[in-house]
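A.B. asks: Quick one: structure below, then a few questions.
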Amino acid sequence: MGKYRVLGSFLDRIYRNNLNDNFNDVDADIQAQKKRVDDLIIANPSPSEVQDARLGFPVLRDKLVDVDAQLAEKATKSEEGIRTSQSNPTNFSGAIVTIIDDDARPDFRTVWKPILTDNPSVKIDIAVVKDWTENGSSLSLSELLELQNQGHGILCHTAHHEASYSITPENAEADYPVAINWMKDNGLKGYEYLVYPGGLSKSTVSIKNIARKHFKYAISTESAGDYAVTPVDNWCIGRINGDAKTLDELKAAVDYAKANKIWLILMTHSHVLLSAGSQKMRDFIAYVQLQNVPIMKFEEAVKYKGNAVALGEHTAENSLFIGVDSSSKGLLKQEIGTWTPSLIGLTTAGTHTYSTRKGDWMKIGKLMIATFDINIASSGLDATMAGSLRITGLPFTSQTISRSSLEYNILNLGTNFTSILAAVNAPDNVIRLFKTGNGVATTFVNASDIPAGQSVIFRGQVMCHIS
Ligand SMILES: [Zn+2]
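With the working numbering applied, the sequence shown covers 7 to 473.
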């Protein structure tokens, strides 16, 4: 073995120590060799192309190792992205409460620390500012790391805390990467989540576009709305003001979130709560727990309320957002509802007593499908109804001409007419009843086509493009 220790055949302490010492010596020798080779490379002139490719590293190999590490990190991130879209394995769809305390001021120690000690299962987020952590005007780095080790989230609140509603895109572009790198370098894990200092309106797209480049999500204040309704705007999520709202107002917000199964994110500032008393937060947490609404830190909550797909700008019509809870916005947005159809004559509308009178509609993006079911017994039919037959009450205005067949019972359509159609013109929200057949011009079904003493049935659907 040359210079290294000879290992005996006994598997005892001496054997183990010698083995470990040998590994250490081998490692030291490898490092020494690497340095020797590096020094050799540095001492000898390299082609300018190689020097250019080093990009600040002493030797090209170090640069390539760094690139490998960056690629590995990117690969992990994209795997996480896929995992996020496949999350929520329990299909939990209820309300969630997330609490974010901004600024990590020293008052956190007297306001939030005792609450968290008394409620060890409650995990919150703390939005931290690089400058303030470094100059001692907020919690220290070691305090933040301790909170993180206890399961709390540490989110990015920028490097300089310049208000988001007045910061220039250039300053935001200069600030965000500095804050992110500082968090990475110091082991603070929530660097993919930005909390806008001062909040941001959803329409301030110029700043959202900078956040979009650097963060997975960005959280605003009430200026983006009280609730984080899914599918959320990844780069401007609404958050209710826990400092300003009274306990009763906050309880009402929890009730609303619970009834509508939505995400309630609470903003607090320890230095503001201090003057109001931290009892409000203790009472708030107790109330949320009483309502069986889970309190989750942001990183956990996005697995249930975040997005699987976020394409384009949320406030623009030509965007597509799909939440992991299957909510969607944009091209695939789906809505359903009901409507009440009325059978009328164009000359005299008539007032009927309906045996069945119902309508459903489904909207998928700009496609609307509306069904109707009308049944009027002969005793319920207003015999004064006169003129062309129409069905009114469609909840949307069609932008395209639509024709589809429908079910009816007995009508005197006339010679060569074989069927009737539910017709929608454009733009219009009225269904006209047409009769059509072989060798005859399509024309309106008239009230006089209903035989005397006959019940009336019309069942069908129209499908149109709406604006
Ligand atoms: Zn702040």
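Cβ coordinates follow ideal geometry from the N, Cα and C atoms, glycine included.
All values reported here derive from a predicted model rather than from experimental measurement.
Leaving out five residues on either side along the sequence, give the residues of the same chain with a beta carbon under 8 Å from the beta carbon of D181.
C.D. replies: Against the sequence shown, residue 181 aligns to sequence position 175. Once the five neighbours on either side are set aside, the close Cβ partners of D181 are T164, A165, H166, E168 and I173.
A.B. asks: Find the nearest neighbour of V65 within the set A453, L46, L77 and D74, judged by alpha-carbon distance.
C.D. replies: Reading the sequence shown from its first residue, position 59 is the one you call residue 65. Comparing Cα positions, the closest option is L46.
A.B. asks: In angstroms, rounded to a whole number, what distance separates the CA positions of Q39 and Y233?
C.D. replies: Residue mapping note: residue 39 aligns to position 33 of the sequence shown, counting from 1. Residue mapping note: residue 233 aligns to position 227 of the sequence shown, counting from 1. Cα to Cα, Q39 sits roughly 60 Å from Y233.
A.B. asks: Quick check: the stretch 420 to 431 against the stretch 443 to 457, are there 3 or more CB pairs under 8 Å?
C.D. replies: Yes: the two stretches touch, three or more of their Cβ pairs being nearer than 8 Å.
A.B. asks: Hey, would you say Q467 sits closer than 8 Å to I370, going by beta carbons?
C.D. replies: Translated into positions along the sequence shown, residue 467 becomes position 461. Translated into positions along the sequence shown, residue 370 becomes position 364. The answer is no: Cβ separation not under 8 Å.
A.B. asks: When you measure from the CB of H277 to every non-hydrogen atom of ligand 2, does any distance come out below 7 Å?
C.D. replies: The model on display carries ligand 1 but not ligand 2.
A.B. asks: Nearer than 7 Å: is that true of the beta carbon of H166 relative to any heavy atom of ligand 1?
C.D. replies: For this step, residue 166 is matched to residue 160 along the sequence shown. Checking the Cβ of H166 against ligand 1 gives no.
A.B. asks: From the DSSP output, in three-state form, read off W138 for me.
C.D. replies: The count along the sequence shown starts at 1 and reaches residue 138 at position 132. Three-state DSSP puts W138 in a helix.
A.B. asks: Closer than 5 Å between the C-beta and any heavy atom of ligand 1: which residues qualify, listed along the chain?
C.D. replies: Going along the chain, the residues that qualify are D108, D109 and P203.
A.B. asks: Which term fits S84, buried or exposed, when burial requires 16 or more other beta carbons within 10 angstroms of its beta carbon?
C.D. replies: Along the sequence shown, read from residue 1 onward, the residue named residue 84 stands at position 78. Caution is warranted here: a pLDDT of 49 is assigned to S84, below 50, making its placement in the model unreliable, and the coordinate value is therefore given only provisionally. When all chains shown are included, S84 counts as exposed.
A.B. asks: Looking only at its own chain, which residues have a Cβ that is under 6 Å from the Cβ of V103, when we skip the five neighbours before and after it?
C.D. replies: Your numbering for residue 103 matches position 97 in the sequence shown. Excluding residues within five positions, the ones whose Cβ falls inside 6 Å are L270, V294, V299 and I301.
A.B. asks: Over what stretch of residues does the beta strand (DSSP E) that includes L439 continue unbroken?
C.D. replies: Your numbering for residue 439 matches position 433 in the sequence shown. Start and end: I437 to G443.
A.B. asks: Less than 6 Å between C-beta atoms, sequence neighbours within five positions excluded: which residues of the same chain meet that for G204?
C.D. replies: As a first step, residue 204 must be located in the sequence shown, where it is residue number 198. A169, S170 and Y171.
A.B. asks: Check whether the Cβ atoms of C162 and Y197 lie closer than 8 Å to each other.
C.D. replies: Working through the sequence shown from its first residue, we reach residue 162 at position 156. Working through the sequence shown from its first residue, we reach residue 197 at position 191. Yes.
A.B. asks: Using the Cβ count rule (16 or more neighbours within 10 Å means buried), how would you classify I456?
C.D. replies: Numbered from 1 along the sequence shown, position 450 holds the residue referred to as residue 456. Classification for I456: buried.
A.B. asks: Residues in the same chain with beta-carbon distance under 6 Å from F290, minus the five sequence neighbours each way, listed in chain order, please.
C.D. replies: Residue mapping note: residue 290 aligns to position 284 of the sequence shown, counting from 1. So the list reads L256, once near-sequence residues are dropped.
A.B. asks: Would you tell me roughly how many angstroms separate the C-alpha atoms of A191 and E152, rounded to the nearest one?
C.D. replies: Stepping through the sequence shown from its first residue, residue 191 is reached at position 185. Stepping through the sequence shown from its first residue, residue 152 is reached at position 146. Here the sequence assigns Asp to residue 191, which means Ala is not the residue at that position. Taking the straight line from one Cα to the other gives about 16 Å.
A.B. asks: So what does DSSP say about P457, is it helix, strand or coil?
C.D. replies: Residue mapping note: residue 457 aligns to position 451 of the sequence shown, counting from 1. In this structure, P457 counts as coil in the three-state DSSP scheme.
A.B. asks: Please return the same chain residues whose Cβ sits closer than 7 Å to the Cβ of D31, not counting the five positions on each side in sequence.
C.D. replies: Residue numbering aside, residue 31 sits at position 25 when the sequence shown is read from its first letter. For D31, where only same-chain residues beyond five positions count, the Cβ hits under 7 Å are Y10.
A.B. asks: According to DSSP, simplified to helix, strand and coil, what is E341?
C.D. replies: Looking up residue 341 in the sequence shown gives position 335. Strand, per DSSP.
A.B. asks: If you draw a straight line from the alpha carbon of I106 to that of S148, how long is it in whole angstroms?
C.D. replies: Sequence index remark: in the sequence shown, residue 106 carries index 100 (1-based). Sequence index remark: in the sequence shown, residue 148 carries index 142 (1-based). One C-alpha to the other measures close to 19 Å.
A.B. asks: Tell me which residues share the same chain as T406 and place their Cβ nearer than 6 Å to its Cβ, disregarding the 5 neighbours each side in the sequence.
C.D. replies: If you number the sequence shown from 1, residue 406 lands on position 400. Answer for T406: A432, C470 and H471, listed in chain order.
A.B. asks: Would you mind reading off the limits of the alpha helix (DSSP H) that contains D379?
C.D. replies: Residue numbering aside, residue 379 sits at position 373 when the sequence shown is read from its first letter. D379 -> not in any alpha helix (DSSP H); beta strand (DSSP E) instead, spanning L373 to I382.
A.B. asks: Where does K195 sit, in a helix, a strand or coil, going by DSSP?
C.D. replies: As a position in the sequence shown, residue 195 is number 189, starting the count at 1. Looking at K195 - three-state DSSP - the assignment turns out to be coil, as it is neither helix nor strand.
A.B. asks: Would you kindly work out how many angstroms separate the C-alpha atoms of K303 and P175, rounded to a whole number?
C.D. replies: Walking along the sequence shown from the start, residue 303 turns up at place 297. Walking along the sequence shown from the start, residue 175 turns up at place 169. So the alpha carbons of these two residues sit roughly 29 Å apart.
A.B. asks: Determine, using beta carbons only, whether K129 comes closer than 8 Å to chain C.
C.D. replies: Included in the structure is just one protein chain, with no chain C present.
A.B. asks: What does N452 pair with, by DSSP beta-bridge criteria?
C.D. replies: Counting from one through the sequence shown, the residue named residue 452 turns up at place 446. For N452, which the question treats as bridged, DSSP gives the partners S394.
A.B. asks: Looking at C-beta atoms only, is the number of pairs between the stretch 384 to 392 and the stretch 351 to 366 that lie closer than 8 Å three or more?
C.D. replies: The stretch 384 to 392 is in contact with the stretch 351 to 366.
A.B. asks: For R111, does the three-state DSSP call read helix, strand or coil?
C.D. replies: The count along the sequence shown starts at 1 and reaches residue 111 at position 105. Residue state, collapsed to three classes: coil.
A.B. asks: Return the residue from the list S99, L77 and R60 that minimises the CA-CA distance to T236.
C.D. replies: Against the sequence shown, residue 236 aligns to sequence position 230. Of the candidates S99, L77 and R60, the one whose C-alpha sits nearest the C-alpha of T236 is S99.
A.B. asks: For I243 and L206, I'd like the C-alpha separation in whole angstroms.
C.D. replies: To locate residue 243, count along the sequence shown from 1; it is residue 237. To locate residue 206, count along the sequence shown from 1; it is residue 200. Approximately 9 Å between the Cα atoms of the pair.
A.B. asks: Grab me the residues of I225's own chain with a C-beta within less than 6 Å of its C-beta, minus the 5 sequence neighbours each way, in chain order.
C.D. replies: To locate residue 225, count along the sequence shown from 1; it is residue 219. Contacts found: V201, I243 and R245.
A.B. asks: Suppose only complete runs of 3+ residues qualify. What are the beta strand (DSSP E) ranges in the stretch 228 to 313, listed by chain order?
C.D. replies: Runs found: 269 to 274.
A.B. asks: Considering only the alpha carbon of each residue, which of I463, A428, A458 and I216 lies closest to F450?
C.D. replies: For the purposes of this step, residue 450 is taken as residue 444 along the sequence shown, with counting starting at 1. Checking every option, the nearest Cα to that of F450 belongs to A428.
A.B. asks: R409 bridges to which residues according to DSSP?
C.D. replies: Stepping through the sequence shown from its first residue, residue 409 is reached at position 403. Note: R409 sits in a beta bridge opposite A429.
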